[in-house]
Every structure is written in C-alpha cells, then in structure tokens.
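Numbering (the numbering used here), first residue to last: 45 to 561. Working notes, structure below.
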C-alpha cells in the first residue's frame, strides 16, 4: 500500500522517460482541435511559436523555483509568496482554481456537441436554454459522484484517457491518412504562404490564445524535478520532447479538422464529430453507426476528464488554507475526505459561467470563444506572477540553493523569463480582440464586453477574500503531503497536470484520499 504520510522528497530515481510519461497527458486534448483548425495550415506556426516562446520558458522557470531549498512544496503559491508576497501568492493559486471552474464550460460544450449528434438532437448544441440545462445536469451529476470520495477518480481518468482520448485520436489519425491518400478534396492549402498567418490582421491572431491554453499546466509537474536523477541534463530535454510531441499531435488533430471541414462550417463544440462524420462516411454512407460509436468514446473520455478535474484544484487551495487565508467554512472536508464546500464554490462559479456565457453569447461559437478566452486570461494572470516571481528570484535571491538552474548566465535567465512574460502579455491583450470568425460587428462588441466584465469580476475575487480574511490565522487539523511518483494514486498521472491534486490531505493522521484512489 502506498504510504502517503511520507513528507520528504522521494528518492531521485525519475528518468527523462519517466518524467515524460507523467506529463504526456497534457499534449492530447481533442476538444481543442476545432479551434486550432480555424487558423488553417498556420496552426503549425502558432504551435511552434507558443512552444518555443512560452511553453519552454514556463517549464524552465517553474522547475528552478520548484527546486529551491524550502520551496519544494506548495507550488506557485509558495514561489510567488516567497518573492512577491503572500497576497500575490494567494491570488496566483486562486486564479489556477478559477480557470478550471471556467474551463469546464468549453469541455461541457464539447460533450453537448457530440451528444447532439449521437442523439440526433441539434437543439442540445444550438438552443441556448437546452444547452444550458444539459451542461448543468452533466456538471452536477459528475460532481455528486465525487462527493462520495475520490477512490476511483484516477482510475476513471486512466480509462477515459485510453478509451476516450487516445483511441479516438488514433482512429482520427488513421482515417485522416486514408482520406489524404485517397486523393479526396481538401479544404486548406499546404503551402509556404498559408503556413504564416497574416500578421497585419489582428483579428486572425486571436486564435493564438487557444494554442497558449493547450500548453498551460506544465508548472504543475515542475515539482517532480526534485525526483529526477539528473535534472540538469534530463529536464530541459524532457520539456523539449514534450513540446515536440504537443506540436505533432495537435498539428495532426487540428489539420485533420481543417482539411475536411470548410472554415465557415467549423463548429467549435462539435468540430471533431463533424470531422469524424466526413472521414468515416467517405468510406461508405451506411457507416453512420461508426460515427456515433466514436462520438460516444469522445463523450466518455471528456466526461472522465471533467470528473477527474473536479476535486484536484480545490485540494490545491489547502496550501493557502493552512495559513488561515481561506474562510473556515471553505477549509473543511466531509466524511469522505473531499473539500465539499470548496468544490461547491467552484461548481457555483461554473454554473454562473455556463448560464451567462451560453445565453448572452447565444450558445454558438461566440459562447465557446468567450469561455476559452476567459479561461486563458484568468490563467495568464497567474503566469504573470510566476514570471515576475522568477525574475525576482534571479535578481534578488540568487544565493538560495536549488537543485536545478537554467543553464547559462544571469542575463540569459532573465531573458527567458522576460520573453515568457511578454508572450503572456501579448496573448492577454489579443484575447480581448474580437476574432475574425465572428459574423457581425455586434457579435464582436458583445464578445468584448462579456469577456471584459467577466474577467474583472473574477480578477477581484482573491483580493477581496485576502483583504477580509482573519489576519490572526487559524489552525487546521489538515496536513498536506505532496504527491510524488512514489505515493501517487494509481492512474493519477493520466489527469492533465493543470487539474491534478498536488497534495494528499491528512486529517488526524488519517489519509484524506484513499491511496488507491
């Protein structure tokens, strides 16, 4: 049985391949492919640009901070608190919690898009009221299954990853190759001219935020650098290999959608199902049952992912709860070792987001785009602090011992962090520009106002909580034990890094999550 009471850093036995295997789940997200496809062949350009100028800086800066002596536990909350101050550390971790709450919306839209095809019920994906009800029913039913404990959460994530993500993506690749070799007509051109986006039209650059979103979460795996046998050599290489894998898999998935669905016909919620329909029916008009079968696999995969994301981020906030920042009513767990009040708070935020974004946005592509952009700007708010924390570490706390350091001079380290910060700033700003795919100017205005107002409301949340918290602090009967490769639940690493629980909760010397969970 796994002993979660171990508090020290586990034995340094993690190899390059081992680190890659526990992080690889982040490079496969089929529900992002339709958004990628809206940029055509230039999606490869955006993936390379985001990988080199954003993903690698985040990975390297996070790893160095994660290995600073005394900073090994607590993640971004610890890193930012020890450099910029506790208030900013709390804001950074709350933004990580809130981006999941909003991020559920696009995942739910994907599920509804696939279900609408399976059930031959277009209203489920097109009518705002029906879509809202469907999304909320799915969200709360999945949540209720987690309130009873997370014993099987990681197993569900594992089965969902293999059966609902990996298998459909493999089928998609095979079908796309077959379609291409058959000489069937393509909806995009593969030329040097179409590889580069038109940088003079900012409306076409808004899609870049989708590529940044696809790379988000690597900092959550940075703590495992402490377990690597040779981090100086293996970690940078592992990050580079992860980037290459992300570029290859996302390019294949996005191009498969772009190649068979005309740009003006791509539905961001159901684009993957649209693609399977074209690719499968290309082999015979009587194969609609196969389209429904693959769609069902996709639904199960994303439902499993949503279920596995519900509790993890709430557990992460217990790092702040230990310092007495969270209201006591939120810093409690139920008899099944689940922080129910924190989870419910997150779900209420998701509920409001679903209702507002679906109905104000019309339940169409604009709702999806606003939900995606809102997720990105919330998460980027945390990354701004991460990069500023690293810059402070390099400039003011260079003497602190650490197990991994970005190779090169102090100037190079600062340059890497500044590049990551500037790319984050660029992605943040263009998120508020109406995408060129919106049909009317009025839609563009609604997009900007809906995104801006939603972000302002969310941005204020951590600062209001921090200003009102009891400065005297309070003792909790909850102890946090970091999740390592030695004590992680079976299947834990099939959950995408940005949504994993980073700690086991231990109350009165009793584990707050079954070691087999």
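Every residue gets a Cβ at the ideal spot worked out from N, C-alpha and C, and that includes glycine.
| Check | Outcome |
| --- | --- |
| For residue 272: DSSP bridge partner residues | 58 |
| CA nearest to the CA of residue 140, picked from 124, 168, 153 and 77 | 124 |
| Close beta carbons around residue 423, own chain, < 6 Å, minus the five adjacent residues each side | 143 and 260 |
| Rounded straight-line distance, which links the Cα of residue 418 to that of residue 499 | 6 Å |
| Test item: CB-CB of residue 216 and residue 320 under 8 Å | yes |
| Beta-carbon separation (whole angstroms), residue 104 vs residue 212, contact threshold 8 Å | That belief does not hold up - the Cβ atoms of residue 104 and residue 212 are roughly 32 Å apart, past 8 Å. |
| Nearest neighbour of residue 310, chosen from 409, 228 and 277 [CA to CA] | 409 |
| Same chain, Cβ closer than 6 Å to residue 54, neighbours up to 5 away in sequence not counted | In this predicted model, residue 54 has a pLDDT of only 49, less than 50, meaning its place in the structure is not dependable; the value taken from the coordinates is given anyway. 271, 528 and 530, listed in sequence order. |
| Own chain partners of residue 449 with C-beta closer than 6 Å, once the 5 adjacent residues on each side are dropped | 108 |
| Start and end residues, alpha helix (DSSP H) containing residue 336 | 332 to 353 |
| Status (buried if at least 16 other CB within 10 Å, exposed otherwise) for residue 553 | The predicted model places residue 553 with a pLDDT of 46, which falls under 50 and marks its position as unreliable; any figure quoted below should be read in that light. It counts as exposed. |
| Neighbourhood of residue 85 by C-beta, 6 Å cutoff - its chain only, sequence neighbours within 5 removed | 232, 234, 238 and 239 |
| Three-state secondary structure (DSSP) of residue 489 | helix |
| The region 429 to 440 contacting the region 113 to 129, beta-carbon criterion three pairs below 8 Å | yes |
| Three CB pairs or more closer than 8 Å across the region 325 to 335 and the region 249 to 257 | no |
| Residue 167 versus residue 411 - alpha carbon distance | 15 Å |
| N-terminal and C-terminal residue of the alpha helix (DSSP H) that residue 106 is part of | 100 to 110 |
| Collapsed DSSP secondary structure at residue 277 in the structure displayed | helix |
| Where residue 439 sits in the DSSP three-state scheme | helix |
| Spatial neighbours of residue 315 in its chain, beta-carbon cut-off 7 Å, leaving aside the 5 residues before and after | 77, 78, 81, 301 and 305 |
| 8 Å contact criterion, which residue 474 and residue 323 should meet: CB distance rounded | With 8 Å as the limit, residue 474 and residue 323 do not qualify as a contact, their Cβ atoms being about 32 Å apart. |
| Bounding residues of the alpha helix (DSSP H) (the contiguous stretch that carries residue 1) | Outside the shown range of the chain (45 to 561) lies residue 1, about which nothing can therefore be said. |
| Short Cβ contact (8 Å threshold) for residue 386 with residue 358 | yes |
| Local conformation of residue 446 per DSSP, three classes | strand |
| Rounded separation between residue 138 and residue 183 - CA only | 21 Å |
| For residue 492, the nearest candidate out of 477, 296 and 370 (CA to CA) | 477 |
| C-beta contact flag for residue 283 and residue 72 at 8 Å | no |
| Environment of residue 214 [buried if 16+ CB atoms lie within 10 Å] | exposed |
| Segment limits, alpha helix (DSSP H) that includes residue 564 | Nothing about residue 564 can be read from this structure; the chain reaches only from 45 to 561. |
| Burial state of residue 540 (16 or more Cβ within 10 Å) | buried |
| Selected residue, minimal CA-CA separation from residue 328, among 360, 223 and 175 | 223 |
| Reduced DSSP category for residue 540 - H, G, I as helix; E, B as strand; rest coil | coil |
| Three-way DSSP call (helix, strand, coil) for residue 318 in this model | helix |
| Of the residues 61, 263, 201 and 289, the one placed nearest residue 117, counting alpha carbons only | 263 |
| Terminal residues of the alpha helix (DSSP H) in which residue 527 lies | Here residue 527 belongs to no alpha helix (DSSP H), and DSSP marks it neither H nor E. |
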